[in-house]
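Order-wise, the sequence lines are chains A and B.
If you use the working numbering, the first sequence corresponds to residues 28 to 485, in order.
If you use the working numbering, the second sequence corresponds to residues 646 to 833, in order.
The C-beta atom is built at its ideal place from N, Cα and C for all residues, glycine as well.
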Amino acid sequence: MRDQGAVLEDVRQGMIPAHIYNDDEIFALEKERVFGRSWMFLAHESEIPHAGDYVVRRVVDDSFIVSRDESGAVRAMFNMCLHRGMQVCRAEMGNASHFRCPYHGWSYKNDGRLVGLPFHAEAYGGEEGFRRKGQTLLPAPSLDTYNGLIFVSLDPAAPPLREYLGDFAFYLDFYTRQSPEGIELVGPQRWRVKANWKIGAENFAGDSYHTPHTHSSVVEIGLFREPKASKRKEGALYWAGRGGGTTYKLPPGTLDERLRYVGYPDEMIARMRATWSDAHLAMVGDDGFMVSAASAFPNLSLVHNWPKVEDAGDGASDEVVPFISLRQWQPVSADETEVLSWFAVDRNAPQRFKELSYKAYLMCFGSTGMFEQDDVENWVSITSTAAGSMARRLRLNSRMGLLADDKPVSPPLAHFSGPGVAYVGFGEYNQRAMLRAWADALEAPPPEVGTVDLGGTP
Amino acid sequence: MTAPAPRTIARCLSFGDPRHLEAHQFLVDEAALLDTQDYDTWMSLMTADVRYLMPVRVSTARGAGFDTAPGMAHFDEDHYSLSRRVARFATEHAWTEDPPSRLRHHVGNVRTFPVDGTDDEVIVESAVLLFRSRGDVREPSLISAGREDLLRRDPTGAAPSAGHWMLARRTVSVDESVLRTQNLAIFL
Chain A
28 MRDQGAVLED
38 VRQGMIPAHI
48 YNDDEIFALE
58 KERVFGRSWM
68 FLAHESEIPH
78 AGDYVVRRVV
88 DDSFIVSRDE
98 SGAVRAMFNM
108 CLHRGMQVCR
118 AEMGNASHFR
128 CPYHGWSYKN
138 DGRLVGLPFH
148 AEAYGGEEGF
158 RRKGQTLLPA
168 PSLDTYNGLI
178 FVSLDPAAPP
188 LREYLGDFAF
198 YLDFYTRQSP
208 EGIELVGPQR
218 WRVKANWKIG
228 AENFAGDSYH
238 TPHTHSSVVE
248 IGLFREPKAS
258 KRKEGALYWA
268 GRGGGTTYKL
278 PPGTLDERLR
288 YVGYPDEMIA
298 RMRATWSDAH
308 LAMVGDDGFM
318 VSAASAFPNL
328 SLVHNWPKVE
338 DAGDGASDEV
348 VPFISLRQWQ
358 PVSADETEVL
368 SWFAVDRNAP
378 QRFKELSYKA
388 YLMCFGSTGM
398 FEQDDVENWV
408 SITSTAAGSM
418 ARRLRLNSRM
428 GLLADDKPVS
438 PPLAHFSGPG
448 VAYVGFGEYN
458 QRAMLRAWAD
468 ALEAPPPEVG
478 TVDLGGTP
Chain B
646 MTAPAPRTIA
656 RCLSFGDPRH
666 LEAHQFLVDE
676 AALLDTQDYD
686 TWMSLMTADV
696 RYLMPVRVST
706 ARGAGFDTAP
716 GMAHFDEDHY
726 SLSRRVARFA
736 TEHAWTEDPP
746 SRLRHHVGNV
756 RTFPVDGTDD
766 EVIVESAVLL
776 FRSRGDVREP
786 SLISAGREDL
796 LRRDPTGAAP
806 SAGHWMLARR
816 TVSVDESVLR
826 TQNLAIFL
């Protein structure tokens, strides 16, 4: 394997060797050092509300059953029978008290415990030959939640999730904690794109610069009440802890007026007021910034926007409806990504709001979304072009917002109510921060992992 | 909404029935419009109350009682949202279809069923296989789906289709849980 030191050095300078977006050796390193230890989003608790509910999700190649056991606890179990390695669950969602392996009939309770082992006495000599008691499907090495978002890490020594996220957790609250009960997550739509996973993660983290051009068509068709693409540069870009994002600058007004402008009904505004911290409320009400796209390292992204979803007839209506999407760029290979895109809405939102917000999501993002369609065209094209030898000679300039001496074109915001560092105007601060985290991960030796012994291993 | 007719073999209209012939022609004519991305004409075949739905299919255990993701779809459209999608393709900045995909909608397995109490509506089942090719580097993509349509005769006689049929409702049952195409900037 090549020494990637020079590549990582270039990345830290904001000069991106183009081949990192389609390179099998880099991808092998990413599997080991990025996805082998980062906290990876799997599901939200609202997807498995009842005892026995489960979904099956992956961390790259590893399939996990995410279930709610009979005691109400959330489990993430490696979906591989302890005996011969068959997948014990081949559906992607449902409700089950047990999972039975189709190969030899070993069966497991929905908390992972091995409870059925055909001919245990005859074939193994009972407990003496194979100790069934205490055996479980392999649990994910680490599992933790934030606002009901279930994450796992393949590193048994992973730091607590909240510590890993750092101050990005503050921004997650805008999307996933508009009331104390949090969100319902619906979906996901799933589709495969021939694009490298990093491109989407970087784009959502901070690329407000692409909006006026890539997405000009959605503005032209009147989906928004103002030509907001051109207003993108008035928003703040923030990076905090393990993630960052973009915001829109709202028109002048009070907190309530600004939240109404985004399309939130008063009862939801009242719950936000009662739930969010003073700093959250100040970022919207005083600073006038409303979260838009964001990414948490490595491959979880969020987006919030507010289009028109109903025909105004004469085009006079200014009614908009906000929506939230959460998505994961699940890597398949160096040049392919499975996109999982969910719709998120506050659990306490009025039913009519939920319906319209879902429509707003479908029109803008996801497999049919009018924003997403043009994004993916770009990303697929970048990925295929990055495969060749010329791409090894090209270092892409990702230094927007920096002068030659690394000083910022304009200084960070002196007054910004959220945590982290924020800038106003176009700049690739967040994409660089994302790739710095990536470079740090690639450089660190892989986590030590032990093997698990079963039954009567000598 | 019209009550769903039981779609048994016995109720399927004969392939020589004029309603079946018109319904079949509707689908083949429509496929030509979708292949050539003639969306203005396509929209003229939609009723004002059209609903165009494509649920997300999921793998579930036999007997689970459902095979679509609860509350989620790829398309869940009304006339307004379809009109915005079509209007976007007409701008000069819908990059995902510029250059346009080469599209071929193969339509088959057409069966037509009467709707009780009216001669002006029929339910039509069909299978569609969409071949989509972009550029010269990427592999083409295939989308296979079943469709269940409610066709309604345009009382004004303005719809340009044979017999003046319009599409009032379509449910697209896609045959993959994970789509292998970069987006759904196309219609089925």
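{"Asked": "Where the alpha helix (DSSP H) containing Ala70 (chain A) begins and where it ends", "Found": "No alpha helix (DSSP H) holds Ala70 (chain A); the beta strand (DSSP E) holding it covers Met67 to His71."}
{"Asked": "One or two residues paired with Asn332 (chain A) in a DSSP bridge", "Found": "A:Phe350"}
{"Asked": "Check whether Pro215 (chain A) and Leu389 (chain A) have beta carbons under 8 Å apart", "Found": "no"}
{"Asked": "Any chain A beta carbon closer than 8 Å to Met646 (chain B)", "Found": "With a pLDDT of only 44 at Met646 (chain B), under the threshold of 50, the placement of this residue in the model should not be trusted; the figure read from the coordinates follows. Met646 (chain B) does not count as touching chain A."}
{"Asked": "Backbone secondary structure at Ile210 (chain A) - three-state DSSP", "Found": "strand"}
{"Asked": "C-beta neighbour in chain E for Trp218 (chain A), strict 8 Å", "Found": "Among the chains of the structure shown, chain E does not appear; the protein chains present are A and B."}
{"Asked": "Span separating the alpha-carbon of Lys335 (chain A) from that of Leu383 (chain A)", "Found": "9 Å"}
{"Asked": "Contact check, Arg374 (chain A) vs Gly209 (chain A), beta carbons under 8 Å", "Found": "yes"}
{"Asked": "Given Ala735 (chain B) as reference, the closest of A:Val246, A:Asp313, A:Arg287 and A:Leu35 once Cα atoms are compared", "Found": "A:Val246"}
{"Asked": "Proximity test, Cβ basis, 8 Å: Val703 (chain B) and chain A", "Found": "yes"}
{"Asked": "Runs of alpha helix (DSSP H) wholly within the segment 39 to 107 of chain A (minimum 4 residues, chain order)", "Found": "51 to 60"}
{"Asked": "Residues, ordered as in the chain, of the segment 797 to 825 of chain B that lie near chain A by beta-carbon distance below 8 Å", "Found": "Ser822, Val823, Leu824 and Arg825"}
{"Asked": "Beta-carbon proximity check, Trp218 (chain A) vs Thr826 (chain B), cutoff 8 Å", "Found": "yes"}
{"Asked": "Thr741 (chain B) and Gly121 (chain A) closer than 8 Å at C-beta", "Found": "no"}
{"Asked": "Expected contact under 8 Å - CB spacing of Ser822 (chain B) and Glu399 (chain A) to nearest Å", "Found": "Between Glu399 (chain A) and Ser822 (chain B) the Cβ distance is about 19 Å, and since that is not below 8 Å, they are no contact."}
{"Asked": "Boundaries (first-last residue) of the alpha helix (DSSP H) holding Val673 (chain B)", "Found": "Pro663 to Asp680"}
{"Asked": "For Leu796 (chain B), the nearest candidate out of B:Ala813, B:Leu672 and B:Val703 (CA to CA)", "Found": "B:Ala813"}
{"Asked": "Contact residues within the segment 722 to 740 of chain B, judged by C-beta distance below 7 Å to chain A", "Found": "Tyr725, Ser726, Arg729, Arg730, Ala732, Arg733, Thr736, His738, Ala739 and Trp740"}
{"Asked": "Per-residue contacts from Gly716 (chain B) into chain A (C-beta, under 7 Å)", "Found": "Val213"}
{"Asked": "Exposure of Pro349 (chain A), with buried meaning 16 or more beta-carbon neighbours within 10 Å", "Found": "buried"}
{"Asked": "Min CB distance Gln682 (chain B) to chain A below 8 Å", "Found": "no"}
{"Asked": "Start and end residues, alpha helix (DSSP H) containing Arg459 (chain A)", "Found": "Tyr456 to Glu470"}
{"Asked": "Whole-number beta carbon distance between Gly272 (chain A) and Ala309 (chain A), since they are thought to touch under 8 Å", "Found": "That belief does not hold up - the Cβ atoms of Ala309 (chain A) and Gly272 (chain A) are roughly 17 Å apart, past 8 Å."}
{"Asked": "Met310 (chain A) - containing alpha helix (DSSP H), residue span", "Found": "Asp305 to Gly312"}
{"Asked": "Among B:Leu698, B:Met811 and B:Leu775, nearest to Gly716 (chain B) - alpha-carbon criterion", "Found": "B:Leu698"}
{"Asked": "Residue range of the unbroken beta strand (DSSP E) whose run includes Asp401 (chain A)", "Found": "Here Asp401 (chain A) belongs to no beta strand (DSSP E); instead the alpha helix (DSSP H) covers Met397 to Thr412."}
{"Asked": "Closest by C-alpha distance to Leu164 (chain A), when choosing among A:Arg420, A:Phe178 and A:Asn106", "Found": "A:Asn106"}
{"Asked": "Contacts that His719 (chain B) makes with chain A (C-beta to C-beta distance below 9 Å)", "Found": "Gln216, Trp218, Leu389, Gly393, Ser394 and Thr395"}
{"Asked": "Cβ neighbours of Leu170 (chain A) in the same chain (closer than 6 Å, five flanking residues each side left out)", "Found": "Ala103 and Val179"}
{"Asked": "Whole beta strand (DSSP E) elements within the segment 260 to 312 of chain A, 3-residue minimum", "Found": "263 to 267 and 270 to 276"}
{"Asked": "Endpoints, beta strand (DSSP E) assigned at Phe126 (chain A)", "Found": "His125 to Arg127"}
{"Asked": "Leu672 (chain B) versus Trp133 (chain A) - alpha carbon distance", "Found": "50 Å"}
{"Asked": "Closest residue to Pro207 (chain A) among A:Ile248, A:Arg259 and A:Trp303 (Cα-Cα distance)", "Found": "A:Trp303"}
{"Asked": "Cβ-heavy atom distance, Pro700 (chain B) to the ligand ADP, below 7 Å", "Found": "The model on display carries no ligand, and the ligand ADP is accordingly not part of it."}
{"Asked": "Three CB pairs or more closer than 8 Å across the segment 280 to 300 of chain A and the segment 428 to 436 of chain A", "Found": "no"}
{"Asked": "Secondary structure of Arg252 (chain A), DSSP reduced to three states", "Found": "coil"}
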